[in-house]
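Notes follow once the structure below has been shown.
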Ligand code: TXA
Ligand code: MG
């Protein structure tokens, strides 16, 4: 038995659903990053996610469902803001934090009174979620006739070991879980490339907990009001992605801009270090480095799409360290800047 990648045809989607129903983990594509999915209503399956990832148990998981209607059945309250955002951005790369319904497991929420909900748009995720939630199929499987069928959803963190770079292809997932026995559905390269925007709707004003492809201004436009300022530094990490160091390559990774990057590259070469460089400006095209990835910064979306694969390529290469040219600033660039700050965080 070993980790295997499967084409997402009807047969393999059905196999994935059967595995999920029997309590196994399955890796599946979403439009943001690949997820490591388990039946969100089965405490043992959810526990398997934490052990497979090596993730601390108090970190909550996002529940994925096929539609906004399905999402509502995981929430105790469905504020007007949730409906507006769901109408505007689901299916898509957005997670809403709302008060949890009574049936939601503590293992999913990390014991909190809230739950993260997302309706992914990736067609493979949609097919798996729809088939997994199919009530008739659920009754056929193991329910007593006439028994109330609980809402069914998939708890799914990014399909990487805790703290590591999120996977944006089936091959990335396989590399993370080589020693496990994981069924991976292949949905190609993820269109978005960074994790969903997380919006907390449990306070007096909506607040972004993790920036993503759905930008702050779009959210404010839909809500017709300003977002609360994101605060950080709370002692319990409600968002594990809010840990200072996260989304990180194994190799030492640094980020500089302009002259500071010039100096760093020169000094590293003088010290005999093999440097892998990720850059987007022409001025760094002339530096002699051991490996290089040149990213387009024409749009933040394009950069987001490519950045995790670039980090992995260099992490897997023979370089000693990775140097990143700081991406442009500005509101569209918040998600990549957030992730790269955490990928390059050096505890002092
Ligand atoms: O795009 C995504 O969101 C991907 C794909 C697979 O859907 N998933 C993902 O999951 O990034 P994960 O577990 O790697 O990150 C989800 C973040 C975690 O940092 C977690 O702490 C936070 O969401 N989260 C989940 N439920 C929460 C809650 N009730 N309150 C606050 N944060 C929550
Ligand atoms: Mg993650």
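Numbering (the numbering used here), first residue to last: 31 to 378. Glycine included, every Cβ here is placed at the ideal spot set by N, Cα and C.
Asked	Found
Inter-stretch contact (C-beta, 8 angstroms, three-pair minimum) for the region 144-158 and the region 208-218	yes
Limits of the unbroken alpha helix (DSSP H) element including residue 54	Taken as a continuous stretch (DSSP letters only), residue 54 belongs to no alpha helix (DSSP H), as it is neither H nor E.
Buried versus exposed call for residue 83 [16 or more other C-beta atoms within 10 Å across all chains shown]	buried
Classification of residue 141 by the beta-carbon crowding that lies within 10 angstroms, buried from 16 upward	exposed
Check: residue 334 C-beta below 7 angstroms from any heavy atom of ligand 2	no
Span separating the alpha-carbon of residue 72 from that of residue 53	7 angstroms
Cβ shell of residue 189 (< 7 angstroms), same chain only, five flanking positions each side left out	57, 64, 65, 66, 197, 203, 206
Environment of residue 111 [buried if 16+ CB atoms lie within 10 Å]	buried
Outcome for residue 105 when other beta-carbon atoms lying within 10 angstroms are tallied against a minimum of 16	buried
Residue 299 and residue 313 closer than 8 angstroms at C-beta	no
Alpha-carbon spacing of residue 250 relative to residue 208, whole angstroms	42 angstroms
Distance CB(residue 68)-CB(residue 78) smaller than 8 angstroms	yes
Residue 339 versus residue 365 - alpha carbon distance	16 angstroms
For residue 356, the three-state DSSP class (helix, strand or coil)	coil
Three-state class that DSSP yields for residue 41 in the structure shown	helix
The region 236-249 / the region 289-297 touching (three or more Cβ pairs under 8 angstroms)	no
Through-space distance from residue 242 to residue 122, alpha-carbon basis	11 angstroms
N-terminal and C-terminal residue of the alpha helix (DSSP H) that residue 249 is part of	246-253
Close beta carbons around residue 37, own chain, < 7 angstroms, minus the five adjacent residues each side	216
Proximity below 8 angstroms, CB of residue 370 to CB of residue 354	yes
Alpha carbon of residue 115 to alpha carbon of residue 89, nearest angstrom	24 angstroms
C-beta atoms of residue 345 and residue 280 nearer than 8 angstroms	yes
Residue 225 Cβ short of 7 angstroms to ligand 2 heavy atom set	yes
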